[in-house]
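Take a look at the structure set out below.
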Ligand SMILES: Cc1cc2nc3c(=O)[nH]c(=O)nc-3n(C[C@H](O)[C@H](O)[C@H](O)COP(=O)(O)O)c2cc1C
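In my numbering, the protein residues as written are 65 to 369.
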């Protein structure tokens, strides 16, 4: 049993633990999001990324399991912003903040989508996804610091909720994009989305995924994600949600020591189920006690000293 208080405040949100459900994992159903928000160890839940218009995503196969993670090429299937509001109506008895993830193909579309989803009373914060590696248009936005800055400042003008920006590891400019987002008024950063990846069918001589490229997630991603969080923390002074390849409580600790104030869990849920939040919260609590710390806050960025 966990005895230590793991609560954290991040970008104006109060979380019972620093553990967040990552975008795209069980996040399309309002009821399911609400159920996960009540599970022990959960600090916040993030929705699947929502666009202005409905999107079907790609035909199967869309996921490849690897010994060290998975490659997905879902293609951002979602019902579109207006229809998603009805899904959020179903998210009754939320017991953790809900972060609505969204995307657009242009700054105008990003702003319009933010305007629609931010008005739902169950949305505590927004997360702008400029980093999905298998949807062109969305993907390239995240490589351009000036476009990300423009989108952030325009969105911040029309919403009164915290805004996170989810960053792409597929550019050497990740710190520049992070800095541009922060200077334009973003309240937090999520690092990272998946790494652009490929798998080939050796019998059929062609790429396996129908969308050709996918995003690599899971344990293989962790050292890359950790490096990104570490680099961003050095240069940018807004809270970071670490994300990528977390599978046990020491992974969570590593992200926090690198500079993350909270940590998002994705692929591990496919392997271990929602109970992993409780397991990781207990492990984090034991670690803090064993090392003589009283709160998560005390170890944020400690590896930089
Ligand atoms: C099946 C699947 C769907 C995803 N969909 C989204 C999405 O809609 N929006 C987004 O920002 N990230 C999405 N992601 C990326 C995750 O939120 C996360 O950034 C990434 O998987 C790395 O974390 P992990 O290694 O813990 O899975 C998706 C990941 C997976 C595996």
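For every residue, glycine included, the Cβ atom is placed at its ideal position computed from N, Cα and C.
Note that the structure is a prediction, hence the values are computed from the model and not measured.
Query, Result
"Neighbour-count burial assignment, residue 195, 16 or more Cβ in a 10 Å radius", "buried"
"Where residue 210 falls, given that 16 or more other Cβ within 10 Å makes a residue buried", "exposed"
"Own chain residues within Cβ distance below 7 Å of residue 120, not counting five before or after", "141"
"Secondary structure of residue 74, DSSP reduced to three states", "strand"
"Continuous alpha helix (DSSP H) stretch holding residue 293: start and end", "286 to 299"
"Selection from 131, 100, 123, 97 that minimises the alpha carbon distance to residue 276", "123"
"Whether residue 79 touches residue 348 by CB criterion (9 Å)", "no"
"Three-state class that DSSP yields for residue 251 in the structure shown", "coil"
"Validate contact between the region 280 to 291 and the region 211 to 227 using beta carbons, cut 8 Å, 3 pairs", "no"
"beta-carbon residue 151 near ligand 1 non-hydrogen atom, thresh 8 Å", "no"
"Short Cβ contact (9 Å threshold) for residue 212 with residue 190", "no"
"Contact test: residue 282 Cβ vs ligand 1 heavy atom, cutoff 8 Å", "yes"
"Buried or exposed (CB count within 10 angstroms, at least 16 for buried), residue 286", "buried"
"Validate contact between the region 309 to 322 and the region 353 to 367 using beta carbons, cut 8 Å, 3 pairs", "yes"
"Three-state secondary structure assigned by DSSP to residue 342", "helix"
"Distance CB(residue 144)-CB(residue 162) smaller than 9 Å", "no"
"Through-space distance from residue 249 to residue 292, alpha-carbon basis", "20 Å"
"Under the three-state DSSP convention, the category residue 120 falls into", "coil"
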